[in-house]
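*Asks:* Have a look at this one.
Protein chains in written order, with the working numbering: chain W, 48 to 200; chain C, 1186 to 1249.
Structure representation (structure tokens):
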């Protein structure tokens, strides 16, 4: 069988797990998984691929039962691999209750709360929403190699 | 059923209810609004994300 160049599938998950450092890295405090947080951003938030760390520029104001910085993300399932892809999806919905949003919002930033600088991981957008004395629920897609929320293909 | 509103708990029968659905390649969203005397007093939404974010890994052959 011929050899083929490949980005090894398991390595994709290993990158997600912080097992490779191809540049200067950090000394980790332990072997446990990091805590992730999710924060909501206004439609004018200008969030995207250029984000490097969490900050509150463009975030919902800390009013109406919203706490800036967002909320912890449930991550019961670690990264998995299938069909040459690595994928990861939070394992529970994000629910903000009794919320009145300070303005319309359409994005959530998932970031590494454990890291000293609160490193940004991903931005996910949806149709503009405003919540009035209500509940905002953000449900994750099915966790597989096709629809998993964060993937390395 | 009592609904949490900007004016406190109000019986649902006293409120005008509006609902909607957004379903596209990005999301499946349902929302519900309650209005009282022409004022929006409650709005909730449930967004289910459909669109993942992807990084594409590549390993190139050397000396191509």
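Glycine included, C-beta positions come from ideal geometry on N, C-alpha and C.
Just so we're clear, the structure is a prediction, and the values are computed from it rather than from any experiment.
If we ignore side chains and look at the alpha-carbon of each, how far apart do residue 133(W) and residue 55(W) end up?
*Replies:* Stepping through the first chain from its first residue, residue 133(W) is reached at position 86. Stepping through the first chain from its first residue, residue 55(W) is reached at position 8. Their backbone Cα atoms lie some 10 Å apart in a straight line.
*Asks:* May I ask you to verify whether the segment 1192–1212 of chain C touches the segment 136–149 of chain W, counting CB pairs closer than 8 Å and requiring at least 3?
*Replies:* With the cut-off at 8 Å, the segment 1192–1212 of chain C and the segment 136–149 of chain W do not touch.
*Asks:* Under 7 Å, do residue 1231(C) and residue 1188(C) count as touching if we go by C-beta distance?
*Replies:* Taking the first residue of the second chain as position 1, residue 1231(C) is located at position 46. Taking the first residue of the second chain as position 1, residue 1188(C) is located at position 3. No.
*Asks:* Give me the Cα-Cα distance between residue 205(W) and residue 1234(C), rounded to the nearest whole angstrom.
*Replies:* Lying outside 48 to 200, the shown extent of chain W, residue 205(W) is not represented and no answer is given.
*Asks:* Are residue 169(W) and residue 199(W) touching if we call contact CB-CB under 7 Å?
*Replies:* Locating residue 169(W) in the first chain gives position 122, counting from the first residue. Locating residue 199(W) in the first chain gives position 152, counting from the first residue. No; because the gap between Cβ atoms is not below 7 Å, this pair is not in contact.
*Asks:* Given a threshold of 16 other Cβ atoms within 10 Å of its Cβ, counted over all protein chains shown, does residue 59(W) qualify as buried or as exposed?
*Replies:* Position 12 of the first chain holds residue 59(W). Label assigned to residue 59(W): buried.
*Asks:* Do residue 83(W) and residue 120(W) have their C-beta atoms within less than 7 Å of each other?
*Replies:* In the first chain, residue 83(W) corresponds to position 36, counting from 1. In the first chain, residue 120(W) corresponds to position 73, counting from 1. A contact, by the Cβ cut-off of 7 Å.
*Asks:* Does the Cβ-Cβ distance between residue 152(W) and residue 107(W) come in under 7 Å?
*Replies:* Taking the first residue of the first chain as position 1, residue 152(W) is located at position 105. Taking the first residue of the first chain as position 1, residue 107(W) is located at position 60. Going by C-beta atoms, residue 152(W) is nearer than 7 Å to residue 107(W).
*Asks:* Please confirm whether residue 94(W) has its beta-carbon closer than 7 Å to some beta-carbon of chain C.
*Replies:* Here residue 94(W) corresponds to residue number 47 of the first chain, with the count starting at 1. It does not: the Cβ of residue 94(W) has no partner Cβ on chain C nearer than 7 Å.
*Asks:* When burial is assigned at 16 or more other CB atoms within 10 Å of the CB, is residue 195(W) buried or exposed?
*Replies:* As a first step, residue 195(W) must be located in the first chain, where it is residue number 148. Result: buried.
*Asks:* The alpha helix (DSSP H) spanning residue 61(W) covers which residue range?
*Replies:* Numbered from 1 along the first chain, position 14 holds the residue referred to as residue 61(W). 56–63 is the span of the alpha helix (DSSP H), which, as asked, contains residue 61(W).
*Asks:* Give the straight-line distance between the Cα atoms of residue 87(W) and residue 155(W), rounded to the nearest whole angstrom.
*Replies:* Position 40 of the first chain holds residue 87(W). Position 108 of the first chain holds residue 155(W). For residue 87(W) and residue 155(W), the distance between alpha carbons rounds to 5 Å.
*Asks:* For residue 1242(C), would you say it is in contact with chain D, using Cβ-to-Cβ distances shorter than 7 Å as the test?
*Replies:* Considering every chain present, this structure includes no chain D. Its protein chains are W and C.
*Asks:* Roughly how many whole angstroms lie between the Cα atoms of residue 140(W) and residue 161(W)?
*Replies:* On the first chain, residue 140(W) is found 93 positions in, with the first residue counted as 1. On the first chain, residue 161(W) is found 114 positions in, with the first residue counted as 1. Each residue's alpha carbon lies about 20 Å from the other.
*Asks:* So for residue 1199(C), helix, strand or coil by DSSP?
*Replies:* Within the second chain, residue 1199(C) is the residue found at index 14, counting from 1. Of the three classes helix, strand and coil, the one that applies to residue 1199(C) here is helix, per DSSP.
*Asks:* Compare the C-beta of residue 1189(C) against all C-beta atoms of chain W and say whether one is closer than 7 Å.
*Replies:* Numbered from its first residue, the second chain carries residue 1189(C) at position 4. Yes, residue 1189(C) counts as interfacial toward chain W.
*Asks:* Taking the alpha carbon of residue 113(W) as the reference point, which residue from 122(W), 177(W), 67(W) and 131(W) has its own alpha carbon closest?
*Replies:* One-based indexing of the first chain puts residue 113(W) at position 66. Comparing Cα-Cα distances from residue 113(W) to each of 122(W), 177(W), 67(W) and 131(W), the minimum goes to 177(W).
*Asks:* For chain C, is any of its Cβ atoms less than 7 Å away from the one on residue 192(W)?
*Replies:* Locating residue 192(W) in the first chain gives position 145, where the first residue counts as 1. Judged by the 7 Å Cβ criterion, residue 192(W) is not in contact with chain C.
*Asks:* Within the same chain, show all residues whose beta-carbon is closer than 7 Å to that of residue 167(W), passing over the 5 residues directly before and after it, in chain order.
*Replies:* The count along the first chain starts at 1 and reaches residue 167(W) at position 120. Cβ within range, chain order: 98, 99, 100, 101, 156 and 158.
*Asks:* Output yes if chain C places a C-beta closer than 7 Å to the C-beta of residue 121(W); else output no.
*Replies:* As a first step, residue 121(W) must be located in the first chain, where it is residue number 74. Output row for residue 121(W): interface = no.
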